[in-house]
Ligand code: F6R
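Numbering (this note's numbering), first residue to last: 111 to 364.
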């Protein structure tokens with residue numbers, strides 16, 4: 111593991127954006143796995159800024175997002191399709207035909223999930239998968255327990271996750287869709303490199319569990335420790351509950 115601890119959420123986002131930009135530059139046809147959520151907003155803002163400044167070209171990038179709510183169309187402002195347009199795609203020169211998210215409004219959800227897996231395989235697999243971590247320890251929407259060989263599928267969202275994401279739904283956890291389509295833990299582990307980013311004090315406990323606790327389907331994010339090429343970028347607040355032994359290995363950019 112490469113563990114990088116930045117001062118605050120802003121510098122953590124800058125470090126993550128830099129790493130993503132390097133990955134894009136390292137391939138003729140980069141394939142990125144993307145995430146949504148509050149943690150990603152600063153990262154996408156910095157990628158958009160780099161594009162605007164002429165230093166980052168998305169024309170050859172293919173992307174696959176981790177997840178989407180069931181029942182929301184791409185036009186729904188609360189959907190992850192909409193989020194990606196709003197936070198990244200409309201600001202950069204990515205070919206929209208090369209952007210992919212699972213279709214939560216599909217009539218046959220199982221067929222949609224199988225097709226999504228096939229599309230990832232046809233693209234040659236994901237070079238870098240960006241990940242956040244949820245309050246339940248989920249990556250993507252892999253709620254506990256999610257076995258490490260799971261593939262893209264329909265899952266039921268935990269109540270804690272609906273609470274975490276209620277802000278987009280008028281603050282009402284019950285208004286958050288109860289189901290989502292998500293890449294599985296196995297799909298995520300197939301990516302050639304993983305980048306997990308967490309910021310803020312609310313993530314400190316689950317970050318420590320994921321990085322230092324047992325590697326278990328009860329904490330999906332702990333699965334990243336089975337990967338041979340993964341980077342974790344934290345800010346000081348989200349790193350606050352890590353042990354001195356873990357912190358001793360961290361690269362600190364204070
Ligand atoms: C979203 C996703 C989730 C989030 C996680 C953290 O596409 O895959 O795993 O990354 O729930 O969300 P925030 O950043 O809002 O705390």
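Using N, Cα and C, we set each Cβ at its ideal position, and we do this for glycine too. Note that the coordinates shown come from a computational prediction; the quantities given were computed from them, not determined experimentally.
*Tell whether a beta-carbon distance below 8 Å holds between residue 230 and residue 302.*
Counted from its first residue, the chain shown places residue 230 at position 120. Counted from its first residue, the chain shown places residue 302 at position 192. Going by C-beta atoms, residue 230 is not nearer than 8 Å to residue 302.
*Compare the Cα-Cα distances from residue 179 to each of 129, 172, 193 and report the closest residue.*
In the chain shown, counting from the first residue as 1, residue 179 sits at position 69. Of the listed residues, the one whose Cα sits closest to residue 179 is 193.
*So does the region 264 to 279 actually touch the region 325 to 344, counting three or more Cβ pairs closer than 8 Å?*
no
_Relative to the C-alpha of residue 145, which candidate in 324, 256, 248, 181 has its C-alpha closest?_
Counted from its first residue, the chain shown places residue 145 at position 35. Looking at the Cα atoms, 248 is the closest of the given residues.
*Taking one C-beta from the region 168 to 187 and one from the region 328 to 336 each time, how about it: are there three or more such pairs within less than 8 Å?*
no
*Segments of 4+ residues assigned as alpha helix (DSSP H) that fall wholly inside the region 326 to 363*: 354 to 358
*asked:* Here's the rule: buried if 16 or more other CB atoms are within 10 angstroms of the residue's CB, otherwise exposed. What is residue 359?
replied: Translated into the one-based positions of the chain shown, residue 359 becomes position 249. By the 10 Å Cβ count, residue 359 comes out exposed.
*How would you write the range of the alpha helix (DSSP H) that residue 304 sits in, first residue to last?*
Along the chain shown, read from residue 1 onward, the residue named residue 304 stands at position 194. Where residue 304 is concerned, there is no enclosing alpha helix (DSSP H), although the beta strand (DSSP E) it sits in stretches over 304 to 308.
*When the Cα of residue 256 is compared with those of 283, 330, 197, 321, which residue comes out closest?*
Your numbering for residue 256 matches position 146 in the chain shown. That would be 330, whose Cα lies nearest to the Cα of residue 256.
*Other residues of its chain near residue 290: CB distance less than 8 Å, five sequence neighbours each side excluded*: To locate residue 290, count along the chain shown from 1; it is residue 180. Answer for residue 290: 177, 178, 179, 180, 214, 251, 264, 265, 267, listed in chain order.
*In whole angstroms, what separates the C-alpha of residue 200 from that of residue 246?*
The residue labelled residue 200 in the question sits at position 90 within the chain shown. The residue labelled residue 246 in the question sits at position 136 within the chain shown. Cα to Cα, the separation comes out at about 31 Å.
_Local Cβ density within 10 Å of residue 338, reported as buried at 16 or more and exposed below that_ = As a position in the chain shown, residue 338 is number 228, starting the count at 1. Exposed, since its Cβ has fewer than 16 Cβ neighbours within 10 Å.
*Enumerate in chain order the residues of its own chain whose CB-to-CB distance from residue 243 is below 7 Å, with the five nearest sequence positions on each side excluded.*
Start at 1 with the first residue of the chain shown, and residue 243 comes out as number 133. Excluding residues within five positions, the ones whose Cβ falls inside 7 Å are 249, 306, 308, 313, 316, 317, 320, 331.
*Please confirm whether residue 166 and residue 134 have their CB atoms less than 8 Å apart.*
Here residue 166 is taken as the residue at index 56 of the chain shown, counted from 1. Here residue 134 is taken as the residue at index 24 of the chain shown, counted from 1. Taking 8 Å as the Cβ cut-off, residue 166 and residue 134 qualify as a contacting pair.
*asked:* Can you find the residues in the same chain that come closer than 8 Å, C-beta to C-beta, to residue 258, ignoring five residues on each side of it along the sequence?
replied: For the purposes of this step, residue 258 is identified with residue 148 of the chain shown, where counting begins at 1. Excluding positions up to five away in sequence, the list reads 295, 296, 299, 327, 333, 336.
*Between the region 116 to 127 and the region 137 to 156, do three or more beta carbon pairs fall short of 8 Å?*
yes
*From the DSSP output, which residues share a beta bridge with residue 166?*
Your numbering for residue 166 matches position 56 in the chain shown. In DSSP, residue 166 forms no bridge with anything.
*Cβ neighbours of residue 188 in the same chain (closer than 7 Å, five flanking residues each side left out)*: Translated into the one-based positions of the chain shown, residue 188 becomes position 78. Result list for residue 188: 182, 278, 279, in chain order.
*On the DSSP bridge assignment, give the partners of residue 272 in chain order.*
Along the chain shown, read from residue 1 onward, the residue named residue 272 stands at position 162. Residue 272 pairs with nothing; no bridge assigned.
*Report the residue ranges of all alpha helix (DSSP H) runs contained in full by the region 219 to 280; include only those spanning at least 4 residues, in chain order.*
219 to 232, 269 to 274
*asked:* For residue 233 and residue 293, what's the separation of their Cα atoms in angstroms?
replied: Indexing the chain shown from 1 puts residue 233 at position 123. Indexing the chain shown from 1 puts residue 293 at position 183. Those two C-alpha atoms are separated by around 15 Å.
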